[in-house]
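Visitor:
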Amino acid sequence: MVTIAFLFILVSSTLLSILLDMHLYDLSFFQTLHFSLTLDAGTRKTIVFTALITGLLASFILDYRMSKEESEKKEAR
Amino acid sequence: MQKELVEKISLTQLFILVSAFLFGSAIVVGIGGEAEQDSWIAIIVACLLSIIPVWFYIFLVSRIPEKNLFEIMEIAFGKMISKVLILLYILYFFYISARVLRDFGELIVGDMLVNTPIEVISITFMLFVAYILYLGLEVLGRFSEIYAPYLMGSILAVGILLLFSRELHVKNVLPILPEGIGPVMNTVFPKLITFPFGELVAFMMILPYASKVRYAGKTTILALMVSGLILAYSSFVQIATLGPEAKLRSKFPLLTATGEISLWNFIERVDLIIIFVVMFGILVKISIFFYGGLKGLELVFNRPYRAFIYPMAMIIAFMSIIISKNFAEHISEGISMVPWIIHIPFQYGIPLLLFPFVLWKSKGLRSEGKKR
Amino acid sequence: MKTMKLLLTSLLLLGLLSGCWDTKELNEVAFVTGVAIEQGEDAKYKVTVGVANASQLNVQKSEGNTPSVTFSLEGNSISELLDKMNVGLTRELRFSHTRTLVIGEEVAREGIAGFLDYLERSGQFRNNFTMLVAKNISAADILKTTFPIQKIPSLKIHNQSSTLFKEWGGAPDMKLSDFIAALSSKGRHPVAEALTIVGSPEQGGSVDNNKKLDPESLITLVGLAVFKEDKLIGYLNLEETRNYVWTQDLIQTTLTVPCGEEKYIDVRIVNSKSSIHANYNRETPNFQVEIIAEALLNGTQCRDDLEKVDTYKKFEKDIEVMSESMILNTVTKVQEEYEVDIFGFGEAMRRQHYQRFQAVKDHWDEEFSKADIDITVNIFLRRAGTSNKSFLTEDE
Amino acid sequence: MGWMKKIILSQKSYNQDKSLKHEQLSLGREAPPLSKDLQENQSNIEKAFENATDFQMENIHVGNREGIICYLNSMTDSSLLADKIMVPLSNSSQQDRSIADLEEFEAYRKEFFSGVGYHFHDTLHELIDDVLAGYAGVIVDGQPKGLSLHVGNIEYRPIEEPSTQTVIRGPKEGFTESMDTNISLIRRRIQNTSLKFESMTVGKDTRTSVTIAYIDEVMNKGILAEVKKRIKKIRTHAIFDSGNVEEYISDKSMTVFPLIYNTERPDSAAANLLEGKAVIIVNGSPFVLIAPTVFSDFFEATEDYYQSFFIGSFIRLIRYASFLIALTLPSFYVALTAFHHALIPTDLLFSLQAQREGVPFPAVIELLIMEITFEILREAGIRMPRAIGQTISIVGALVIGQAAVEAGLVSNALVIVIALTALATFVSPIASFTAAARLLRFIFIFMAAVFGLYGILLCLFFMVAHLVSLRSFGVPYLAPIAPFIAEDQEDVFLRFPFFANKRRPHYLKTEAPLKNPESKSPSPPASKKGDGS
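Chains as they are written, first to last, in the UniProt record's numbering: chain A, 1 to 77; chain B, 1 to 372; chain C, 1 to 396; chain D, 1 to 533.
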């Protein structure tokens with residue numbers, strides 16, 4: 001569930017920012033998408049995406065752990 | 001000592017949270033600059049006017065006790081519709097947190113750590129927000145009790161220090177209202193009424209957790225007025241120090257004004273220190289929006305909100321970067337689009353829509369209560 | 001618990017991996033104390049920076065070498081030149097402790113707005129450095145003239161001008177931000193301090209200059225540079241500068257007032273407050289400058305009995321008459337000679353009669369030069385030092 | 001948290017495996033009730049104390065019956081034993097008393113051993129426990145119960161002036177290793193029946209006795225119950241010092257801040273008892289624990305209360321300031337000299353710059369070298385035999401002070417920073433608290449080296465967030481500050497005069513909130529009318 005939420009929020013918030021950018025720069029959707037997601041060169045890209053990936057990993061782990069806990073609970077019953 | 005399951009915040013804490021929330025980014029980026037030397041009047045007017053919506057938020061929350069905005073929406077609109085609306089709200093909350101975070105990042109990178117990537121600032125700051133929300137709302141409340149005196153104290157001290165440095169030229173605020181109330185009202189609506197005052201909509205997520213709900217509303221309104229006054233004071237000091245033109249020109253007028261302080265050749269360049277004071281306001285603002293969003297996720301995805309903290313914090317850090325390419329884009333979005341497209345529907349539209357439903361449902365609830 | 005660990009480790013890792021973007025150790029940077037900008041021979045500007053040589057300022061480590069090093073480059077943009085200074089200097093330059101900006105006369109006459117924007121925008125400069133115009137002398141030489149007590153020339157000048165402002169009012173308290181504020185205001189024109197070198201500039205450029213009781217060359221303040229917008233148009237002398245400052249925010253000054261024939265009293269003016277009342281008399285703007293000040297009698301050459309109230313009254317009257325005419329002369333001189341409002345009368349008009357000012361703001365200087373100015377000085381002579389009657393009085 | 005669970009689980013199974021072996025190790029634990037047969041008892045005891053040179057057992061006559069007396073001569077006072085027990089036993093008049101049942105046995109004890117602490121025991125191992133604690137065990141043939149008589153008198157360090165928390169003015173007694181002495185030191189100060197002591201035994205192998213002292217009418221019952229519960233819950237084999245107990249009963253172990261106050265001063269313990277806290281005395285440790293504890297306790301010294309409240313308050317503020325200095329001064333040095341040169345006043349800047357000329361390391365490395373040098377010196381100073389302790393300070397002063405500067409390794413200003421930090425570290429009355437500052441300091445330095453002032457502030461934020469999340473026995477650690485309690489401010493940053501300090505701390509939820517409602521500010525006697533002064 002956490003992973004789903006993560007992906008959902010990620011996609012939709014990117015979408016939101018893109019919609020705003022479309023309006024501001026008068027570009028088409030795909031142009032804006034390309035334009036927004038290509039970040040500046042250098043270390044910065046890696047930092048941002050590393051952060052995002054750790055977020056994704058964390059949500060995987062959390063999901064896994066919670067499903068395990070749930071199944072343990074069921075067993076206990 | 002059993003741990004209390006429902007987190008409570010005291011009225012003092014609520015007061016501090018509301019005022020720190022209102023200072024938040026507002027005190028950094030400077031508000032109401034368009035009203036030139038009358039911006040302090042504009043702030044006071046906006047503060048007084050926004051008592052109405054804030055009272056309205058409080059009314060909605062108090063109508064159905066112990067339920068936050070999202071739970072009320074669930075009661076009013078039913079599961080399906082409310083889920084969609086809640087998701088929209090979550091997006092709104094996260095988007096605003098990201099914007100505030102960007103404001104803060106720009107501040108740090110622009111003035112203090114010039115070569116440090118803004119991304120690192122965003123991420124480190126979000127890590128802290130994640131940590132404090134992981135510890136809980138209660139901890140955030142107590143945390144603010146410690147830092148609030150410094151925040152308020154230094155905002156007040158800036159004016160006094162400027163006065164001693166002979167930089168406070170009160171005549172700069174003259175003439176008062178040379179062109180009537182028109183320009184002031186143009187600033188008040190829609191800008192000031194939505195930012196920072198309308199953003200108190202996020203407190204509909206917090207109010208139900210106040211320890212004395214009966215007084216929570218009064219406390220919030222008192223905090224609103226006090227912080228409105230302090231914001232106006234700060235704006236007044238900025239105008240008196242810099243003059244309206246320079247204030248409007250400055251990216252972070254409070255810092256520019258503080259930079260003028262010079263006492264005994266020793267207290268100089270205090271603006272760097274003010275940044276830290278401001279950092280606390282930013283923290284509260286981001287935390288509360290973030291908390292609102294997390295509570296929404298908890299409701300929609302049916303998992304404890306702590307589970308979402310780290311991933312979502314990273315998304316907000318990411319968002320704060322891609323939200324705009326450059327500072328100009330960030331500001332122009334903030335001026336031209338965010339108030340109309342984003343603030344007004346979420347701050348006024350949906351709560352207003354909620355109003356008749358809440359009245360109807362709460363009547364139902366009450367009569368049910370009587371039957372029992 | 002686990003989340004906390006994750007947070008802390010990622011925070012630490014982030015720190016370790018990323019390194020320190022902004023670290024600059026103190027011995028990796030050089031602090032610029034003064035910047036001089038003048039007309040270049042081949043390019044638009046010639047920029048000279050004065051860099052502090054800290055170890056020579058330290059009592060223990062000083063070897064008697066120069067406390068400040070200068071270097072000049074020519075180019076078309078200040079920003080680029082400042083970043084390019086390592087052509088001749090070893091360390092990265094920092095401008096946060098810059099205290100003086102000396103502008104060459106030619107550049108000032110051409111207009112200085114071009115680089116003021118950079119100075120305000122860069123955020124590297126502190127806001128409290130003094131704006132100076134080098135009169136009849138190369139701006140770079142100003143940064144090269146040493147002084148034994150305050151060894152770094154730029155710091156010396158900064159100190160000199162702020163002390164002169166505080167003690168006698170002979171320098172305007174004009175910081176960069178004030179200058180820009182005046183520039184952007186429709187009802188005021190900026191001014192700057194003017195300075196020059198007495199003696200030979202070549203001699204001043206050596207530490208040996210510090211070894212003489214009477215330095216070969218010395219930087220002196222000579223009054224006020226008057227600007228129209230961002231262009232230099234003329235100067236006021238020291239007396240006039242004081243009179244100008246008196247209409248603004250004088251802290252204290254000393255006057256020599258005639259009390260009889262060829263005889264004078266010395267008066268210390270303290271606690272002076274000035275206010276401007278603006279009015280429109282049909283088509284002529286009309287200003288009343290009201291100055292209220294306390295005065296202390298420092299000395300007298302007259303024989304009047306200082307234990308009598310009448311004497312005080314007389315002296316008060318004398319001071320008032322003299323200072324009123326002095327200030328009025330200065331204002332009239334500016335009105336007639338330069339035709340620019342450096343006093344901020346326009347701002348007063350804007351505050352007090354907003355609508356009228358809006359109508360004339362685009363040609364305010366014309367309005368200013370035809371304005372009626374009325375100066376009222378109210379002096380309250382409080383006391384006369386530590387003695388009562390002067391021994392001169394007893395002579396009678 | 002899976003891996004952690006695994007470790008805990010494996011720990012459990014390990015314990016189960018060893019349990020059998022362990023039983024044999026701790027003797028007599030499962031021993032049967034006392035047998036009526038004297039011989040059997042005797043052989044059981046002898047088996048238990050096999051190979052114990054300090055064990056003594058003698059056959060005696062108790063009344064008209066056979067009996068044995070056993071004791072450890074290392075734990076008992078021989079003259080006491082002789083006077084109180086052996087002399088009455090050898091008295092010929094007792095020889096023909098009949099001891100047929102328990103009542104007669106009790107009457108016998110009353111007559112001959114009155115005034116000696118005693119217990120009757122049903123099982124052998126209880127009796128053996130008493131013998132181990134310095135009692136003499138008496139078993140009589142045919143009697144179902146054994147009698148233990150207190151004749152213990154172990155040599156302890158006499159009451160001395162405490163080596164920590166010294167005062168200029170105030171009582172100079174300190175707790176010792178003896179539980180009885182410690183109890184008496186407290187009892188002497190609070191002569192009141194509502195002062196209660198409750199004992200329990202902790203530690204499977206050491207069987208250390210732990211006493212909880214509290215004031216019945218003041219202490220909150222919930223907190224008291226929690227303290228007791230936690231001490232009972234301790235599962236360990238050995239307790240040697242109150243430090244062991246502290247670690248077991250703290251609310252949270254993952255923190256550098258001590259959640260329980262410790263003191264060597266009986267007056268401090270007594271004062272805390274009267275505030276409504278519990279004092280935990282561990283046998284063998286001169287440091288008693290005080291629970292619950294809040295952050296501000298660590299800034300209060302007993303001497304604050306023995307001198308004028310102006311001085312007391314001032315010193316207290318100095319302590320808070322020096323905590324901040326100890327925590328952040330080095331990191332501010334790094335942040336200012338390596339990042340924010342603009343914040344340093346110009347003249348100071350040039351002075352610092354001149355000092356740094358030619359120093360080969362970056363400021364952080366320079367600082368870390370000196371910090372670690374200092375920590376090494378400090379540790380050496382503590383662990384060194386007293387006799388050569390003197391040399392340490394000389395070596396330290398030479399190494400840190402002059403040599404390093406003259407060799408150009410570090411700058412003068414840095415030495416000042418280090419010295420001030422070191423001094424500030426020693427200001428807090430409690431050593432375990434300053435340890436927190438010493439440790440956190442390095443994190444601060446590190447963050448300052450990466451992010452400058454932003455890093456320092458981020459660290460402060462993390463620290464404060466951590467602090468507010470802590471609790472000590474359910475009481476928020478930063479209690480009167482956050483959550484803010486206005487009434488409790490009279491004894492936090494400032495020490496208000498006693499007449500203004502009428503309440504016990506609110507956050508302790510005491511049963512008696514007022515402590516001295518009648519106290520009034522001193523005033524000269526009212527002058528008579530017409531006295532006209």
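Just so you know, even glycine gets a beta-carbon here, dropped at the ideal spot from N, CA and C.
(1) Is it the case that the Cβ atoms of residue 105 of chain D and residue 56 of chain D are separated by a distance below 8 Å?
(2) Considering only the beta carbon of each residue, do residue 508 of chain D and residue 295 of chain D sit closer than 8 Å?
(3) When burial is assigned at 16 or more other CB atoms within 10 Å of the CB, is residue 544 of chain D buried or exposed?
(4) Quick one: what does DSSP say residue 195 of chain D is sitting in, helix, strand or coil?
(5) By the three-class DSSP mapping on this structure, what secondary structure does residue 391 of chain C have?
(6) Do the stretch 191-198 of chain C and the stretch 156-176 of chain C touch if we need at least three Cβ pairs shorter than 8 Å?
(7) If you drop the 5 nearest sequence neighbours on each side, which residues of the same chain put their C-beta closer than 6 Å to that of residue 237 of chain D?
(8) Using DSSP bridges, identify the partner residues of residue 46 of chain C.
(9) Considering Cα atoms alone, identify which of C/48, C/270, C/176 and C/368 is closest to residue 294 of chain C.
(10) For the putative contact between residue 71 of chain C and residue 82 of chain C, defined by C-beta atoms under 8 Å, what is the C-beta separation to the nearest angstrom?
(11) Decide if residue 166 of chain B is buried, meaning its Cβ has at least 16 other Cβ atoms within 10 Å, or exposed.
(12) Opposite residue 31 of chain C in the DSSP bridges: which residues?
(13) When you compare the CB of residue 22 of chain D with every CB in chain C, is at least one pair closer than 8 Å?
(14) Using the DSSP secondary-structure output, state which residues sit across from residue 285 of chain C in a beta bridge.
(15) If we call anything under 8 Å between Cβ atoms a contact, is residue 300 of chain B one with residue 76 of chain B?
(16) For residue 22 of chain D, I'd like the list of residues in its chain whose CB is within less than 7 Å of its CB, leaving aside the five on either flank, ordered along the chain.
(17) Report buried or exposed for residue 308 of chain B, applying the criterion of at least 16 other Cβ atoms within 10 angstroms of its Cβ.
(18) Beta carbons nearer than 9 Å to chain A: which residues of the stretch 325-345 of chain B have them?
(19) Counting only the same chain and skipping the five closest in sequence on each side, list residues whose C-beta sits under 8 Å from that of residue 162 of chain C.
(20) Could you check whether residue 234 of chain C and residue 337 of chain C sit closer than 8 Å to each other, using their CB atoms as the reference points?
(21) Taking the straight line between their C-alpha atoms, what separation do you get for residue 273 of chain B and residue 280 of chain B?
(22) Return the bridge partner residues of residue 57 of chain D from the DSSP annotation.
(23) Look at the alpha carbon of residue 27 of chain D and the alpha carbon of residue 231 of chain D, and state the distance between them as a whole number of angstroms.
(24) Only counting the same chain, and skipping five residues up and downstream in sequence, which positions put a Cβ closer than 6 Å to that of residue 74 of chain B?
(25) Helix, strand or coil for residue 209 of chain C per DSSP?
(26) Excluding the 5 residues preceding and the 5 following residue 150 of chain B in the sequence, name in chain order all residues of the same chain whose CB lies nearer than 8 Å to its CB.
(27) Considering only residues of the same chain and omitting the five flanking positions on each side of residue 192 of chain D, which have a CB-CB separation below 8 Å?
(28) Since I believe residue 170 of chain D is in contact with residue 306 of chain D (beta carbons under 8 Å), could you give me their beta-carbon distance rounded to a whole number of angstroms?
(29) Please determine if the stretch 247-261 of chain D and the stretch 468-476 of chain D are in contact, where contact requires at least 3 C-beta pairs separated by less than 8 Å.
(30) Please look up how many angstroms separate the CB atoms of residue 239 of chain D and residue 211 of chain D, rounded, as I've assumed it's under 8 Å.
(31) Name, please, each residue of chain A whose Cβ falls closer than 9 Å to the Cβ of residue 205 of chain B.
(32) Assuming residue 183 of chain D contacts residue 281 of chain D (C-beta within less than 8 Å), just tell me the rounded distance between them.
(33) On the three-state DSSP scale, how would you describe residue 67 of chain A?
(34) Quick check: the Cα distance between residue 102 of chain B and residue 321 of chain B, rounded to an integer number of angstroms?
(35) Can residue 483 of chain D and residue 199 of chain B be called in contact, C-beta distance under 8 Å?
(36) Please compile the residues from chain B whose C-beta is within a distance smaller than 8 Å of the C-beta of residue 481 of chain D.
Guide: Quick answer:
(1) Taking the fourth sequence and counting its residues from 1, the one referred to as residue 105 of chain D is at position 105. Taking the fourth sequence and counting its residues from 1, the one referred to as residue 56 of chain D is at position 56. No.
(2) Here the question's residue 508 of chain D lines up with position 508 in the fourth sequence. Here the question's residue 295 of chain D lines up with position 295 in the fourth sequence. Taking C-beta atoms as the reference points, residue 508 of chain D and residue 295 of chain D fail to come closer than 8 Å.
(3) Because chain D spans 1 through 533 in this model, residue 544 of chain D falls outside it and cannot be assessed.
(4) Along the fourth sequence, one-based indexing puts residue 195 of chain D at 195. Correct three-state label for residue 195 of chain D: strand.
(5) Locating residue 391 of chain C in the third sequence gives position 391, where the first residue counts as 1. Reduced to three states, the DSSP call for residue 391 of chain C is helix.
(6) Enough Cβ pairs lie closer than 8 Å, so yes.
(7) The sequence position of residue 237 of chain D within the fourth sequence is 237, counting from 1. A distance below 6 Å between beta-carbons, with the five flanking residues on each side excluded, links residue 237 of chain D to the following residues of its chain, in chain order: 204 and 205.
(8) Your numbering for residue 46 of chain C matches position 46 in the third sequence. The bridge partners DSSP lists for residue 46 of chain C are C/38 and C/74.
(9) Numbered from 1 along the third sequence, position 294 holds the residue referred to as residue 294 of chain C. Comparing alpha carbon positions, the residue from C/48, C/270, C/176 and C/368 closest to residue 294 of chain C is C/270.
(10) Position 71 of the third sequence, counted from the first residue, corresponds to residue 71 of chain C. Position 82 of the third sequence, counted from the first residue, corresponds to residue 82 of chain C. Between residue 82 of chain C and residue 71 of chain C the Cβ distance is about 11 Å, and since that is not below 8 Å, they are no contact.
(11) Along the second sequence, one-based indexing puts residue 166 of chain B at 166. Looking at its Cβ environment, which holds fewer than 16 other Cβ atoms inside 10 Å, residue 166 of chain B is exposed.
(12) Within the third sequence, the letter at position 31 stands for residue 31 of chain C. DSSP output for residue 31 of chain C lists C/94 as bridge partner(s).
(13) Here the question's residue 22 of chain D lines up with position 22 in the fourth sequence. Annotation note: pLDDT 38 at residue 22 of chain D (below 50); position unreliable, no value reported.
(14) Taking the first residue of the third sequence as position 1, residue 285 of chain C is located at position 285. C/280.
(15) As a first step, residue 300 of chain B must be located in the second sequence, where it is residue number 300. As a first step, residue 76 of chain B must be located in the second sequence, where it is residue number 76. In this structure, residue 76 of chain B does not lie closer than 8 Å to residue 300 of chain B by Cβ.
(16) Counting from one through the fourth sequence, the residue named residue 22 of chain D turns up at place 22. Summary for residue 22 of chain D: the model assigns pLDDT 38, below 50, so the residue's position carries little reliability, and this model does not support an answer.
(17) Taking the first residue of the second sequence as 1, we reach residue 308 of chain B at position 308. Buried, by the Cβ-count rule.
(18) Within the stretch 325-345 of chain B, the residues whose Cβ lies closer than 9 Å to some Cβ of chain A are 325, 329, 332, 333, 336, 337, 338, 341 and 342, listed in chain order.
(19) Taking the first residue of the third sequence as 1, we reach residue 162 of chain C at position 162. Excluding positions up to five away in sequence, the list reads 130, 171 and 173.
(20) Residue mapping note: residue 337 of chain C aligns to position 337 of the third sequence, counting from 1. Residue mapping note: residue 234 of chain C aligns to position 234 of the third sequence, counting from 1. With contacts defined by Cβ atoms closer than 8 Å, residue 337 of chain C and residue 234 of chain C form a contacting pair.
(21) Within the second sequence, residue 273 of chain B is the residue found at index 273, counting from 1. Within the second sequence, residue 280 of chain B is the residue found at index 280, counting from 1. Counting only the Cα atoms, residue 280 of chain B lies some 12 Å from residue 273 of chain B.
(22) Looking up residue 57 of chain D in the fourth sequence gives position 57. Under the DSSP definition of a beta bridge, residue 57 of chain D partners with D/70.
(23) Translated into the one-based positions of the fourth sequence, residue 27 of chain D becomes position 27. Translated into the one-based positions of the fourth sequence, residue 231 of chain D becomes position 231. Confidence at residue 27 of chain D is low in this model, with a pLDDT of 45, below 50, so its placement is unreliable and no value can be given for it.
(24) Here residue 74 of chain B refers to the residue found at position 74 of the second sequence. If we look at residue 74 of chain B and ignore the five residues flanking it on each side, its Cβ neighbours are 82.
(25) In the third sequence, counting from the first residue as 1, residue 209 of chain C sits at position 209. In the structure shown, residue 209 of chain C sits in a helix (DSSP, three-state: H, G or I).
(26) Here residue 150 of chain B refers to the residue found at position 150 of the second sequence. For residue 150 of chain B, where only same-chain residues beyond five positions count, the Cβ hits under 8 Å are 277 and 280.
(27) Taking the fourth sequence and counting its residues from 1, the one referred to as residue 192 of chain D is at position 192. Scanning its chain for C-beta atoms nearer than 8 Å, with the 5 sequence neighbours on each side dropped, one finds around residue 192 of chain D the residues 215, in chain order.
(28) Within the fourth sequence, the letter at position 306 stands for residue 306 of chain D. Within the fourth sequence, the letter at position 170 stands for residue 170 of chain D. The Cβ separation is near 5 Å, so the contact holds.
(29) Put simply, the stretch 247-261 of chain D touches the stretch 468-476 of chain D. At least three CB pairs are less than 8 Å apart.
(30) Residue 239 of chain D sits at position 239 when you count from the first residue of the fourth sequence. Residue 211 of chain D sits at position 211 when you count from the first residue of the fourth sequence. Rounded, the Cβ-Cβ distance is 13 Å, inconsistent with contact.
(31) On the second sequence, position 205 is the one that residue 205 of chain B refers to. Here the premise fails: no neighbours, minimum Cβ distance about 17 Å.
(32) As a first step, residue 183 of chain D is located in the fourth sequence; it is residue number 183 there, counting from the start. As a first step, residue 281 of chain D is located in the fourth sequence; it is residue number 281 there, counting from the start. A Cβ-Cβ separation of about 7 Å places residue 183 of chain D in contact with residue 281 of chain D under the 8 Å criterion.
(33) Numbered from its first residue, the first sequence carries residue 67 of chain A at position 67. The answer is helix: DSSP assigns residue 67 of chain A an H, G or I state.
(34) Locating residue 102 of chain B in the second sequence gives position 102, where the first residue counts as 1. Locating residue 321 of chain B in the second sequence gives position 321, where the first residue counts as 1. So the two alpha carbons sit approximately 7 Å from each other.
(35) Here residue 483 of chain D refers to the residue found at position 483 of the fourth sequence. Here residue 199 of chain B refers to the residue found at position 199 of the second sequence. The answer is no: Cβ separation not under 8 Å.
(36) Mapped onto the fourth sequence, residue 481 of chain D falls at position 481. Under the 8 Å cutoff, chain B gives 145 and 146.
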